[in-house]
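A.B. asks: The following block contains the structure, expressed as structure tokens.
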Amino acid sequence: MSESEILDTHLQELRRGTIVLACLRLLETPGYGYGLLEELGERGFPTDANTLYPLLRRLEKQGFLTSEWNTDESRPRKFYRTSDAGTRLAAALTDEFRAIATAIDTLPEEN
Amino acid sequence: MTTATLTDRYVDTAMRTVPEAQRADLAAELRASIDDQIEARTEQGEPRDAAERAVLTELGDPDKLAAQYTDRPLWLVGPRYFLDWWRLLKLLLYIVPACAAFGVSLAMVLAGASFGEIIGALVPLLISVVVHLGFWTTLVFVILERTGHDTMDAGPWTPDSLPEPRQKGVGLGDMIASLVFLAIMVGVVLWDLFVGFVPTEPGLSFLDPGLWPWWILALFAVMALEAVLAVVVYAIGRWTVGLAVANGILNLVVAVPALWLLFDGRLINPAFFSTIIPGDGAEVGQIISIIAGFVIAGVAIWDTVDASLKAVRAQRA
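Chains as they are written, first to last, in the numbering used here: chain E, 13 to 123; chain B, 85 to 401.
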């Protein structure tokens, strides 16, 4: 494995949990799979489709998201929305992320 | 006639492994997502065929995607069970093939099979035992993995379950045990030859009386050397390679003549079984001879291997 591949793996590991956080926060306004994928990318959370779609299902199964089919448009889409439990989880994750960021700031400088 | 598009085929393939109840919903959502993605690409001027191909390539193997949707493990035995599986398999591989080989060869010798026949039977037996152990043990864990049972452990790991450090030195207890064992053996042999163990037949010995005095005295001489060896091992404090070799030679010196005498019919008193079991005595004697042969060889091999392992371990430490 080359150095850049190892770097990619580490970055991916570090980002993994933040996708959940971003999804929960963004889906306070209902959204569907592809639309969310785009928005995540625009907001600096690049995600693969094959990671995001199963993730939405899992969060729904765990009760952090609710879903409903929207058939108003020509293409029926499944819209997800953050549940109350999801909002609480998002708040907890955000607090945790800030705590980690603060902790990182207090680490010794690299040079 | 309409031909199925790549997307149709992709969704169908992914849904094959999804439970019936979720299938319709998941298929519709997956299809809508794929169509959205294709549309986004065609709007940028990409041809539809190429866009479809690119989107599906990005989504990857449909079976993998379906497994992620349904939280199915993509491994045979995952990290949760791996250590239990590996420990159990190793334990079984240490015990079962050796027991099977010993039992089958003993039974075949008793049935009068030749050496070649026994080897011919043992090789496929050992191969099939190892394959069966591997297969069935793994199958059980694959089922455990998929039904989500807890491990068979009684509880979580605690430092108490750490293995005791392996004894590297040789203690006083080992030496005393060796010496006491040798002394008891001398007593047993003498009692057998001069008193006999069968109360109703005083003077009837299990060992051939013709072994007395020279063979028996030679045995005692070797046993005296073994006693010296036990003392030396204790004095040095551990088994060395040289001591292990000496131990192996002493074992050979006892086992080889004993086996030779045994199969020559001169180790066990021929009168012993015919006296205590009139009629079938000869056959019983034959069977006991074979078992005695296995025991003599087994003890010699085990003792030699044991001392060698201790010597290797002590050297590494």
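Quick reminder that beta carbons are idealized off the backbone N, C-alpha and C, glycines included.
Rounded to a whole number of angstroms, what is the C-alpha to C-alpha distance between T97 of chain B and K148 of chain B?
C.D. replies: 11 Å
A.B. asks: Can you list, in chain order, the residues of its chain whose CB lies under 7 Å from that of E25 of chain E, leaving out five sequence neighbours each side?
C.D. replies: none
A.B. asks: I'd like to know whether the C-beta atoms of E51 of chain E and L38 of chain E end up nearer to each other than 7 Å.
C.D. replies: yes
A.B. asks: Do the CB positions of L173 of chain B and V226 of chain B come within less than 7 Å of each other?
C.D. replies: no
A.B. asks: Suppose the cutoff is 8 Å on Cβ atoms and the five residues either side in sequence are ignored; what does the same chain contact list for E72 of chain E look like?
C.D. replies: T78, S79 and Y92
A.B. asks: Kindly indicate which three-state DSSP category M85 of chain B falls into: helix, strand or coil?
C.D. replies: With a pLDDT of only 40 at M85 of chain B, under the threshold of 50, the placement of this residue in the model should not be trusted, and no figure is reported.
A.B. asks: Applying the 10 Å Cβ sphere with the 16-neighbour rule, what's the burial state of W241 of chain B?
C.D. replies: exposed
A.B. asks: Might you give, ordered along the chain, the residues of its own chain that have their beta carbon closer than 7 Å to the beta carbon of L228 of chain B, omitting 5 neighbours on each side?
C.D. replies: Y165
A.B. asks: Kindly indicate the opening and closing residues of the beta strand (DSSP E) around N82 of chain E.
C.D. replies: Per DSSP, the unbroken beta strand (DSSP E) holding N82 of chain E starts and ends at L77 to N82.
A.B. asks: Report, in whole angstroms, the separation of the C-beta atoms of S289 of chain B and N353 of chain B, which I expect to be a contact under 8 Å.
C.D. replies: Confirmed, Cβ separation roughly 5 Å.
A.B. asks: Taking only the alpha-carbon atoms, compute the straight-line gap between W169 of chain B and D155 of chain B and give it to the nearest angstrom.
C.D. replies: Going by the C-alpha atoms only, they are around 22 Å apart.
A.B. asks: Under 7 Å between C-beta atoms, does Q116 of chain B make it to chain E?
C.D. replies: Note that residue 116 of chain B corresponds to Ala in the displayed sequence, not to Gln. Yes, A116 of chain B counts as interfacial toward chain E.
A.B. asks: Just to confirm, are S373 of chain B and A314 of chain B a CB contact at a threshold of 7 Å?
C.D. replies: no
A.B. asks: Taking just the CA atoms, how far does P157 of chain B sit from A124 of chain B?
C.D. replies: 32 Å
A.B. asks: Three Cβ pairs or more, each shorter than 8 Å: is that satisfied between the segment 182-198 of chain B and the segment 106-122 of chain B?
C.D. replies: no
A.B. asks: Measure the C-alpha to C-alpha separation of L351 of chain B and G162 of chain B and round it to an integer number of angstroms.
C.D. replies: Each residue's alpha carbon lies about 56 Å from the other.
A.B. asks: So, does the CB of Q399 of chain B fall closer than 7 Å to a CB anywhere in chain E?
C.D. replies: Chain E contact via Cβ: absent.
A.B. asks: Please decide whether M85 of chain B counts as near chain E, where near means a Cβ-Cβ distance under 7 Å.
C.D. replies: At M85 of chain B the pLDDT is 40, less than 50, meaning the model places this residue with poor confidence; the figure from the coordinates comes in the next sentence. False, the Cβ-Cβ gap to chain E never drops below 7 Å.
A.B. asks: Could you pull the DSSP bridge partners for L291 of chain B from this structure?
C.D. replies: B:I352
A.B. asks: Enumerate, from N- to C-terminal direction, the unbroken alpha helix (DSSP H) stretches of 4 or more residues contained entirely within the segment 243-282 of chain B.
C.D. replies: 256-278
A.B. asks: For the candidate residues B:R171, B:V338, B:T284 and B:D292, whose alpha-carbon lies nearest to that of V306 of chain B?
C.D. replies: Of the listed residues, the one whose Cα sits closest to V306 of chain B is B:V338.
A.B. asks: Determine the DSSP secondary structure at G200 of chain B, reduced to helix, strand or coil.
C.D. replies: In this structure, G200 of chain B counts as helix in the three-state DSSP scheme.
A.B. asks: My output table needs one value for R93 of chain E: the three-state DSSP class, helix, strand or coil.
C.D. replies: strand
A.B. asks: In the DSSP assignment, the alpha helix (DSSP H) including E50 of chain E goes from what residue to what residue?
C.D. replies: From DSSP, the alpha helix (DSSP H) with E50 of chain E extends over G45 to E54.
A.B. asks: Would Y318 of chain B pass as a contact of V254 of chain B if the rule is Cβ separation under 7 Å?
C.D. replies: The answer is yes: Cβ separation under 7 Å.
A.B. asks: Measure the alpha-carbon distance for M85 of chain B versus L110 of chain B and round it to whole angstroms.
C.D. replies: Unreliable positioning characterises M85 of chain B in this predicted model, as indicated by a pLDDT of 40, which lies under 50. A coordinate reading is not provided.
A.B. asks: Return the residue from the list E:R110, E:H22, E:G45 and E:E108 that minimises the CA-CA distance to N82 of chain E.
C.D. replies: E:G45
A.B. asks: Along the segment 153-181 of chain B, what residues have a CB closer than 9 Å to any CB found in chain E?
C.D. replies: Y153, T154 and D155
A.B. asks: Candidates B:L223, B:L246, B:A195 and B:I385: which alpha carbon is nearest V402 of chain B's?
C.D. replies: The shown model of chain B, from 85 to 401, leaves out residue 402 of chain B, and the question about it has no answer.
A.B. asks: State buried or exposed for L291 of chain B, treating a residue as buried only when at least 16 other CB atoms are found within 10 Å of its CB.
C.D. replies: buried
A.B. asks: Against A112 of chain B, what residues of chain E qualify as contacts under a CB-to-CB distance less than 7 Å, listed in chain order?
C.D. replies: Within chain E, the residues near A112 of chain B are P88.
A.B. asks: Just confirm the distance between the C-beta atoms of A97 of chain E and L33 of chain E, as a whole number of angstroms; I'd bet it's less than 8 Å.
C.D. replies: Actually they are not in contact, since the Cβ atoms of A97 of chain E and L33 of chain E sit about 14 Å apart, beyond 8 Å.
A.B. asks: With 8 Å as the C-beta to C-beta threshold (strictly closer), list the residues of the segment 30-46 of chain E near chain B in chain order.
C.D. replies: Y44, G45 and Y46
A.B. asks: Any idea what DSSP makes of A398 of chain B, helix, strand or coil?
C.D. replies: helix
A.B. asks: Of the residues B:F186, B:I260, B:D276 and B:W296, which one's Cα is nearest the Cα of F356 of chain B?
C.D. replies: B:D276
A.B. asks: Using a Cβ cut-off of 7 Å, pull out every chain E residue sitting near L143 of chain B, in sequence order please.
C.D. replies: Simply A61 and N62.
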